[in-house]
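>
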Amino acid sequence: MHAFGSLVLRLLAVSGKFVAVLILAKEGGARDVGAFALFYGGINILTYVIGLDFHLFAIREALGKRTGAGQLRIVCGQAVFDFAIYGLLLFLASIPLVLGVPTIAAIPVFWLATILVSDHLAQELSRLFTILKRPLAANIIYALKTGLWGWVGAALIQWAFIPAAASSFYALWLSANMMAVALGFFWARRFFAGVRPSLPPRYHRWLRRGLGVSRFFYITSVASISLGILDRFIIAERISLAQAGLYSFWQSITGMLPIVVYAMAGMHFLPRLVEAYRRRRFEAFAAHHRSFFWRSLILGFACGLGVVAAAPFIPALLGKPEFEAPLLLVALLAGGACLNALWQVSYQVLYSASEDRFLAAWITGITATSVAANFLAVEWLGIMGAACVSLAANLAMYLVLRRGSWQVLEKNARRGLSPPMAQMGP
């Protein structure tokens with residue numbers, strides 16, 4: 000039941016972002032869609048950048064603790080670090096505003112700073128409830144911050160209460176973020192009721208160790224998120240903003256596939272994988288991996304076929320022939336999205352086993368290669384070239400990380416700590 004509720008909330012969230020894109024497409028056009036997609040993509044990248052991915056270190060530490068008090072110490076330690084980053088960011092954002100510079104490279108500074116900070120804080124709270132195995136709370140927070148504001152904005156625009164402009168969605172986005180943060184703090188206080196907040200022992204040493212480990216996560220996450228975003232910027236610069244809007248439109252639709260898989264499988268298996276490995280329950284670890292892989296494969300393949308089958312009808316339903324695209328383009332993007340969902344399974348196995356250097360080296364290398372290839376492919380083949388590069392990059396990621404995850408499972412099997420390889424699945 001929780002998995003179904005999580006899926007509904009995730010779909011509402013992601014489709015809310017899509018609805019925002021649709022209403023801008025209907026009232027404006029591909030240029031408006033491109034501008035909004037670039038802003039949204041920029042927020043996604045910066046959300047990873049400002050936190051330095053310290054949460055990945057903290058999550059792994061917290062899942063190794065057996066008591067609520069131990070977990071709360073880790074949460075408090077991360078919170079102190081995050082709020083220091085927020086204070087610095089807001090101070091830097093205030094400088095151009097004081098100097099009378101409201102936009103930088105056509106990006107409104109106020110919206111960028113406030114949405115970025117509130118979005119990141121809401122994301123941290125959503126992650127907290129994921130590791131606490133409270134998926135419904137995690138998904139409510141996620142849905143509020145990610146896209147429910149899109150549905151509200153579309154309704155208000157249709158009723159002519161607000162203008163069909165990007166700034167209208169920015170205001171709703173910020174309001175939803177603040178609501179998500181308030182709910183997150185309220186639920187966290189209830190969950191840890193009776194537990195006294197405190198910092199990890201020798202906090203400064205713990206923080207330095209966390210920052211040392213997190214640099215690999217930081218490199219990995221920025222590279223992996225860039226894999227699905229930088230191609231839009233290259234298309235906008237090399238071809239046109241309208242073509243970037245068309246590509247972003249279909250990329251947004253196919254990008255729902257990994258999100259569905261994560262809601263139906265990832266949120267369930269991620270904390271269990273890490274917890275099993277950290278507590279040296281390797282038989283459970285191998286079983287979770289096997290179930291995670293097969294569920295992701297079935298969901299990804301089914302959703303991919305559904306998207307490709309529906310693609311010819313979507314522009315007609317919208318009354319927007321400008322968003323018509325070759326079916327091959329949609330199939331390439333859907334294939335890349337399915338592979339993305341599958342390599343996330345191997346990523347979680349390697350993350351659980353602390354193979355941080357391996358992940359950072361390979362993901363960064365593949366991303367850098369794909370960015371370089373995109374400049375050539377877009378020049379020669381247009382947006383079809385970008386889709387080909389996306390598919391190839393996700394395939395390379397899947398093959399490399401799958402091999403790495405098998406090495407982890409084989410190592411445990413040789414030690415007699417997990418079932419024979421024949422029982423592990425792919």
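Residue numbers (numbering that gives the first Met the number 0): 0 to 425.
Using N, Cα and C, we set each Cβ at its ideal position, and we do this for glycine too.
(1) Expressed to the nearest angstrom, what Euclidean distance is found between the alpha-carbon atoms of threonine 253 and phenylalanine 322?
(2) Let me check understanding here. Comparing Cα to Cα, which of Ala376, Gly152, Leu115 and Leu226 lies closest to valine 20?
(3) Could you pull out every unbroken alpha helix (DSSP H) segment of at least 4 residues lying fully inside the region 301-339, listed in chain order?
(4) Any idea which residues DSSP pairs proline 196 with across the strands?
(5) How long is the line joining the alpha carbons of proline 95 and leucine 87, rounded to whole angstroms?
(6) Going by beta carbon distance, what residues of the same chain come within less than 8 Å of glutamate 354, once the five residues before and after it are set aside?
(7) Please classify proline 257: does DSSP put it in a helix, a strand, or coil?
(8) Measuring CA to CA, which of Leu245, Leu98 and Pro134 is closest to proline 320?
(9) Is alanine 12 closer than 8 Å to glycine 146 when the C-beta atoms are compared?
(10) Taking just the CA atoms, how far does leucine 124 sit from leucine 71?
(11) In chain order, what residues of the same chain lie with their CB nearer than 6 Å to the CB of alanine 222, ignoring the 5 residues before and after it?
(12) Report the residue from Ser117, Ile140 and Gly4 whose alpha carbon sits nearest the alpha carbon of phenylalanine 128.
(13) I need the straight-line Cα distance from methionine 266 to phenylalanine 357, nearest angstrom please.
(14) Following the continuous alpha helix (DSSP H) through glycine 69, name the residue where it begins and the one where it ends.
(15) So, is serine 166 buried or exposed, given that buried needs 16 or more other C-beta atoms within 10 angstroms?
(16) When burial is assigned at 16 or more other CB atoms within 10 Å of the CB, is glycine 211 buried or exposed?
(17) Give me the Cα-Cα distance between alanine 333 and valine 108, rounded to the nearest whole angstrom.
(18) Using the Cα positions of leucine 131 and alanine 324, report the straight-line distance between them to the nearest angstrom.
(19) Could you check how far apart the C-beta atoms of alanine 330 and valine 307 are, in whole angstroms? I think they sit under 8 Å.
(20) Smallest Cα separation from valine 370: which of Leu182, Trp405, Leu37 and Ser225?
(21) Can you tell me whether DSSP reads proline 162 as helix, strand or coil?
(22) Just to confirm the assignment, what range does the alpha helix (DSSP H) spanning isoleucine 234 have?
(23) With 16 as the cutoff for other CB atoms within 10 Å, does proline 270 come out buried or exposed?
(24) Pull up the CB-CB distance for leucine 341 and leucine 296, whole angstroms please, since I reckon it's below 8 Å.
(25) Going by the beta-carbon positions, is the gap between threonine 499 and histidine 119 smaller than 8 Å?
(26) Just reading off the alpha helix (DSSP H) that leucine 358 is part of, what are its end residues?
(27) Are three or more beta carbon pairs between the region 59-66 and the region 232-241 nearer than 8 Å?
(28) Compute the Euclidean distance between the alpha carbons of alanine 310 and phenylalanine 216, then round it to the nearest angstrom.
(29) At the level of alpha carbons, what is the spacing between alanine 164 and leucine 206?
(30) The alpha helix (DSSP H) with leucine 127 in it runs from where to where?
(31) Please report how far the alpha carbon of glycine 41 lies from the alpha carbon of phenylalanine 374, in whole angstroms.
(32) What's the C-alpha gap between alanine 170 and isoleucine 156?
(33) In or out: valine 79 buried (at least 16 other Cβ within 10 Å) or exposed?
(34) Short of 8 Å in beta carbon distance, which residues of its chain neighbour methionine 178, apart from the five on each side in sequence? Order them along the chain.
(35) Please report the straight-line C-alpha distance between phenylalanine 284 and tryptophan 405, rounded to a whole angstrom.
Concretely, from the data shown:
(1) For this step, residue 253 is matched to residue 254 along the sequence shown. For this step, residue 322 is matched to residue 323 along the sequence shown. Cα to Cα, threonine 253 sits roughly 14 Å from phenylalanine 322.
(2) Walking along the sequence shown from the start, residue 20 turns up at place 21. The candidate whose alpha carbon is nearest that of valine 20 is Gly152.
(3) Within the region 301-339, the complete alpha helix (DSSP H) runs of at least 4 residues are 313-317.
(4) The sequence position of residue 196 within the sequence shown is 197, counting from 1. For proline 196, which the question treats as bridged, DSSP gives no partner whatsoever.
(5) Numbered from its first residue, the sequence shown carries residue 95 at position 96. Numbered from its first residue, the sequence shown carries residue 87 at position 88. Rounded to whole angstroms, proline 95 to leucine 87 spans 14 Å at the Cα level.
(6) Your numbering for residue 354 matches position 355 in the sequence shown. Counting only Cβ-Cβ distances below 8 Å, and skipping sequence neighbours, we find Gly403 and Val407.
(7) Taking the sequence shown and counting its residues from 1, one reaches residue 257 at position 258. It is helical.
(8) In the sequence shown, counting from the first residue as 1, residue 320 sits at position 321. The shortest C-alpha separation from proline 320 is found at Leu245.
(9) In the sequence shown, counting from the first residue as 1, residue 146 sits at position 147. In the sequence shown, counting from the first residue as 1, residue 12 sits at position 13. Yes, Cβ-Cβ distance for glycine 146 and alanine 12 is below 8 Å.
(10) Translated into positions along the sequence shown, residue 71 becomes position 72. Translated into positions along the sequence shown, residue 124 becomes position 125. So the two alpha carbons sit approximately 13 Å from each other.
(11) Along the sequence shown, one-based indexing puts residue 222 at 223. Around alanine 222: Ile362, Thr363 and Thr366.
(12) Numbered from 1 along the sequence shown, position 129 holds the residue referred to as residue 128. Checking every option, the nearest Cα to that of phenylalanine 128 belongs to Ile140.
(13) Indexing the sequence shown from 1 puts residue 266 at position 267. Indexing the sequence shown from 1 puts residue 357 at position 358. Taking the straight line from one Cα to the other gives about 23 Å.
(14) The residue labelled residue 69 in the question sits at position 70 within the sequence shown. Unbroken alpha helix (DSSP H) run through glycine 69: 67-97.
(15) Here residue 166 refers to the residue found at position 167 when the sequence shown is read from its first residue. With fewer than 16 other Cβ atoms within 10 Å, it is exposed.
(16) Start at 1 with the first residue of the sequence shown, and residue 211 comes out as number 212. With fewer than 16 Cβ atoms within 10 Å of its Cβ, glycine 211 is classed as exposed.
(17) As a working note, residue 333 is residue 334 in the sequence shown. As a working note, residue 108 is residue 109 in the sequence shown. Whole-angstrom Cα-Cα distance: 34 Å.
(18) In the sequence shown, counting from the first residue as 1, residue 131 sits at position 132. In the sequence shown, counting from the first residue as 1, residue 324 sits at position 325. Distance between the alpha carbons of leucine 131 and alanine 324 is about 43 Å.
(19) Within the sequence shown, residue 330 is the residue found at index 331, counting from 1. Within the sequence shown, residue 307 is the residue found at index 308, counting from 1. Confirmed, Cβ separation roughly 5 Å.
(20) As a first step, residue 370 is located in the sequence shown; it is residue number 371 there, counting from the start. Across the set Leu182, Trp405, Leu37 and Ser225, the C-alpha of Ser225 shows the shortest separation from the C-alpha of valine 370.
(21) By 1-based counting over the sequence shown, the position of residue 162 is 163. It is coil, neither helix nor strand.
(22) Along the sequence shown, read from residue 1 onward, the residue named residue 234 stands at position 235. Looking at the DSSP string, the run of the alpha helix (DSSP H) that includes isoleucine 234 is 229-237.
(23) Within the sequence shown, numbered from 1, the residue matching residue 270 stands at position 271. The residue is buried, with at least 16 neighbouring Cβ atoms inside 10 Å.
(24) In the sequence shown, the residue the question calls residue 341 occupies position 342. In the sequence shown, the residue the question calls residue 296 occupies position 297. Going by Cβ atoms, the distance from leucine 341 to leucine 296 rounds to 6 Å, so yes, they are a contact pair.
(25) Nothing about residue 499 can be read from this structure; the chain reaches only from 0 to 425.
(26) Numbered from 1 along the sequence shown, position 359 holds the residue referred to as residue 358. Where leucine 358 is concerned, the enclosing alpha helix (DSSP H) stretches over 355-380.
(27) With fewer than three CB-CB distances shorter than 8 Å, the region 59-66 does not count as touching the region 232-241.
(28) The residue you call residue 310 lines up with position 311 of the sequence shown. The residue you call residue 216 lines up with position 217 of the sequence shown. Computed Cα separation, rounded: 35 Å.
(29) Position 165 of the sequence shown holds residue 164. Position 207 of the sequence shown holds residue 206. Near 42 Å, if we compare the C-alpha coordinates of leucine 206 and alanine 164.
(30) Here residue 127 refers to the residue found at position 128 when the sequence shown is read from its first residue. 108-130 is the extent of the alpha helix (DSSP H) around leucine 127.
(31) On the sequence shown, residue 41 is found 42 positions in, with the first residue counted as 1. On the sequence shown, residue 374 is found 375 positions in, with the first residue counted as 1. Glycine 41 and phenylalanine 374: Cα-Cα distance of roughly 19 Å.
(32) On the sequence shown, position 171 is the one that residue 170 refers to. On the sequence shown, position 157 is the one that residue 156 refers to. Approximately 13 Å, taken between the alpha carbons.
(33) Residue mapping note: residue 79 aligns to position 80 of the sequence shown, counting from 1. The residue in question, valine 79, is exposed, as its Cβ has fewer than 16 Cβ neighbours within 10 Å.
(34) Here residue 178 refers to the residue found at position 179 of the sequence shown. Excluding positions up to five away in sequence, the list reads Leu143.
(35) Along the sequence shown, read from residue 1 onward, the residue named residue 284 stands at position 285. Along the sequence shown, read from residue 1 onward, the residue named residue 405 stands at position 406. If I take the Cα positions, the gap works out to 13 Å.
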